[in-house]
Amino acid sequence: MKYIMIPFVVLMACACANKKKTLSSTQKAVEVKREIPSWVNQRPVSSQYYIGIGRSGLEGSDPMASAKSNALQDLASEIEVKIDANSLLYQIEKNESFKQDFLSDTKLKTKLQLEGYEAVDSYSDATGFYSYYRLDKAAYQELQRQKKLKALDKSTTYYTNATTALEQEKYHVALGNYINALQSIEPYLNEPMKLENEDGSTYFYDNVLYAELQSLLDKMQIQRMNPIVQTTPGFEVDREKTQVLVTDDKDLPISDIPIVFECEFLKKKLIAKSIQDGTANVSFGQISKKGSGEIKISLDVMSYAKTKSPLTEALLLSLRIPGSEIAIVSESPRVYIELELKHKDEPKSTSEVKNGLESALTANSFQYENNLNKAHYILKLKANSSEAGEYQGLFTTSLSGLLSVVRAGDGKVIFTENLSGIKGVDLNYAGASNKCYTSLSKELNFEIIPRLRRQIMVN
Numbered sequence: 001m002k003y004i005m006i007p008f009v010v011l012m013a014c015a016c017a018n019k020k021k022t023l024s025s026t027q028k029a030v031e032v033k034r035e036i037p038s039w040v041n042q043r044p045v046s047s048q049y050y051i052g053i054g055r056s057g058l059e060g061s062d063p064m065a066s067a068k069s070n071a072l073q074d075l076a077s078e079i080e081v082k083i084d085a086n087s088l089l090y091q092i093e094k095n096e097s098f099k100q101d102f103l104s105d106t107k108l109k110t111k112l113q114l115e116g117y118e119a120v121d122s123y124s125d126a127t128g129f130y131s132y133y134r135l136d137k138a139a140y141q142e143l144q145r146q147k148k149l150k151a152l153d154k155s156t157t158y159y160t161n162a163t164t165a166l167e168q169e170k171y172h173v174a175l176g177n178y179i180n181a182l183q184s185i186e187p188y189l190n191e192p193m194k195l196e197n198e199d200g201s202t203y204f205y206d207n208v209l210y211a212e213l214q215s216l217l218d219k220m221q222i223q224r225m226n227p228i229v230q231t232t233p234g235f236e237v238d239r240e241k242t243q244v245l246v247t248d249d250k251d252l253p254i255s256d257i258p259i260v261f262e263c264e265f266l267k268k269k270l271i272a273k274s275i276q277d278g279t280a281n282v283s284f285g286q287i288s289k290k291g292s293g294e295i296k297i298s299l300d301v302m303s304y305a306k307t308k309s310p311l312t313e314a315l316l317l318s319l320r321i322p323g324s325e326i327a328i329v330s331e332s333p334r335v336y337i338e339l340e341l342k343h344k345d346e347p348k349s350t351s352e353v354k355n356g357l358e359s360a361l362t363a364n365s366f367q368y369e370n371n372l373n374k375a376h377y378i379l380k381l382k383a384n385s386s387e388a389g390e391y392q393g394l395f396t397t398s399l400s401g402l403l404s405v406v407r408a409g410d411g412k413v414i415f416t417e418n419l420s421g422i423k424g425v426d427l428n429y430a431g432a433s434n435k436c437y438t439s440l441s442k443e444l445n446f447e448i449i450p451r452l453r454r455q456i457m458v459n
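Residue numbering for the sequence shown follows our numbering, starting at 1 and increasing by one per position.
What follows is the structure, encoded as structure tokens:
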């Protein structure tokens, strides 16, 4: 009996010990439960740090990362972006939208390029995750100052190259360097860039840079050779009709200048560089619509930008850019008609078919032209009806032929249609032949001429 009791006592002691340990763990868990930090309910205020507080719900895949992103965005919003009265942005600000675009772009870049921030604290509860970040204001301002100096150094190198090229009248090289110099300091357009001359006098570099770039553009002219381009669907606009001449203020030709030819009417934007004699032209290809519009021509300043962005475009387009305009008129195609109609190889009256063709052409946005020398196209129709037999007093004829449309001037065939399977039935062969040609007129009106229109016109 003694041997049995001893193990039992030992087991009871162990059980009590385990129970004691379990209670201690539970008690410890209760003791470490954290109170809500003050920064969760009341935003900290600091003269030394930019503060960012972010919260995220627990439903996402990574609430901690989401809370951090929100905190950094909140931190970035504390970094105020001001427009100094001596800055280039202040000087060229022509409308509120440009200012807002710059501020929005700067705030976005501030968030994406934040450096040196530190995590202060984090907290989570049953509803979400909270993050607290901060950034030392003095350290941030010093980092920005260093970046600005680096950008300014890069910009002044471009500026020196630009002035050297301008002295040598290398306008293309000067333009590129001026624009690259301006783009290098784009993030700091809201800040004054005061530099010192060798004699101790000071100047605002960004304003001088912009003014010299504008002065260079003002020296350049784009002169159109033709005030108006007249064309018609199915034809190409000759390059010579879009030609422009790029010159300086001494009327000397300038080469290697990129020129934009943009036509909203044709939904096309083309670019060409001026050659040695200063001329530039483009081909808009075959015209496929009628109507009118303008070809807007301007120096392509955006082609010099190393990176493209809406802000860069707005900045460069704030400049006065040399340009010109050419009117373009695409009239309805004029069509001359040549008919050779026969019955049993004998000439036949063409009035019915001709009248039907004229109506069909007009209904499909063409113009009938009775003067061959004024026509854009020549429509040639050859047809012959032949006897196909008689049955119970009804006579049948069958028609075959060819319709072709050629372009006036070069004689290029642009459309063909084989005519076959057209029949006419009447009390005699002459009447049946007339019925054949009546059916031909209907087919021309409802099928063939509409197909011709669709081939050379989109409207």
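The C-beta atom is built at its ideal place from N, Cα and C for all residues, glycine as well. On a predicted model such as this, the values are computed, not experimentally measured, just so you know.
Scanning its chain for C-beta atoms nearer than 8 Å, with the 5 sequence neighbours on each side dropped, one finds around I287 the residues T231, T232, P233, G234, F235, E236, V237, L266 and S330, in chain order.
Just so you know, the alpha carbons of P333 and A408 end up roughly 11 Å apart. Here the alpha carbons of I275 and E80 stand approximately 48 Å from one another.
Less than 8 Å separates the beta-carbon of Y178 from that of L216. Contact between the segment 419 to 436 and the segment 391 to 409 is present: three or more C-beta pairs spanning the two stretches fall below 8 Å.
With contacts defined as CB atoms closer than 8 Å, V301 and A280 fail to qualify as a contacting pair. Three or more Cβ pairs drawn from the segment 82 to 94 and the segment 184 to 198 lie within less than 8 Å of each other, which places the two stretches in contact. Among the bridge pairs identified by DSSP, L103 is matched with none. When secondary structure is reduced to three states using DSSP, A305 falls in the coil class, being assigned neither helix nor strand. Looking at the DSSP output, F265 bridges to nothing.
About 7 Å separates the beta carbons of S124 and Y130, which is inside the 8 Å limit, making them a contact pair.
Taking 8 Å as the cut-off, the Cβ atoms of L311 and D74 do not count as close. The C-alpha of N41 is placed about 12 Å away from the C-alpha of E35.
With respect to the C-alpha of L299, the residue from H172, K137 and A71 having the closest C-alpha is H172. Fewer than three beta-carbon pairs drawn from the segment 198 to 214 and the segment 378 to 388 are found closer than 8 Å, and the two stretches are therefore not classed as touching. Distance check between P227 and each of I297, K170, M457 and G285 places I297 closest, using alpha-carbon atoms only. Taken through DSSP and simplified to helix, strand or coil, Y171 comes out as helix. At a Cβ-Cβ threshold of 8 Å, Q221 and P322 count as neighbours. Shortest Cα-Cα distance from E387 to any of K342, I83, Q168 and E358 involves K342. Measuring C-alpha to C-alpha distances from I295 to each of I259, G393 and F204 identifies I259 as the nearest. Minimum Cα-Cα distance from D121 among the listed residues T164, S77 and K68 corresponds to K68. Shown here, F366 sits in coil according to DSSP, grouped into three states, outside any helix or strand.
In the structure shown, F235 adopts coil according to DSSP, grouped into three states.
For A383, the beta-bridge partners assigned by DSSP are L341 and G401. Q91 carries a helical assignment under DSSP once its states are collapsed to helix, strand and coil. In chain order, T202 place their CB closer than 6 Å to the CB of E196, counting only its own chain and leaving out the 5 sequence neighbours on each side. In the three-state scheme derived from DSSP, where H, G and I count as helix and E and B as strand, Q286 is classed as strand. DSSP lists L403 as the bridge partner or partners of E417. When the five nearest sequence neighbours on each side are left out, the beta carbons in the same chain lying within less than 7 Å of the beta carbon of N418 are those of L402, in order along the chain. Each residue's CA atom was taken as its position, placing Y437 and V425 some 11 Å apart. Look at D136 here: in three-state DSSP terms it is strand. Pairing K306 with E447, the inter-Cα distance amounts to about 54 Å. DSSP places R451 in the uninterrupted alpha helix (DSSP H) bounded by I449 to I456. At a cut-off of 4 residues, the continuous stretches assigned as alpha helix (DSSP H) that sit fully inside the segment 156 to 234 are 171 to 184 and 205 to 219.
Contact between Y336 and I378 holds: their C-beta atoms lie close to 5 Å from each other, under 8 Å.
Listed in chain order, the non-local C-beta contacts of V406 below 8 Å within the same chain comprise Y377, I378, K380, K412, V413 and I414, local neighbours out to five positions each way being set aside.
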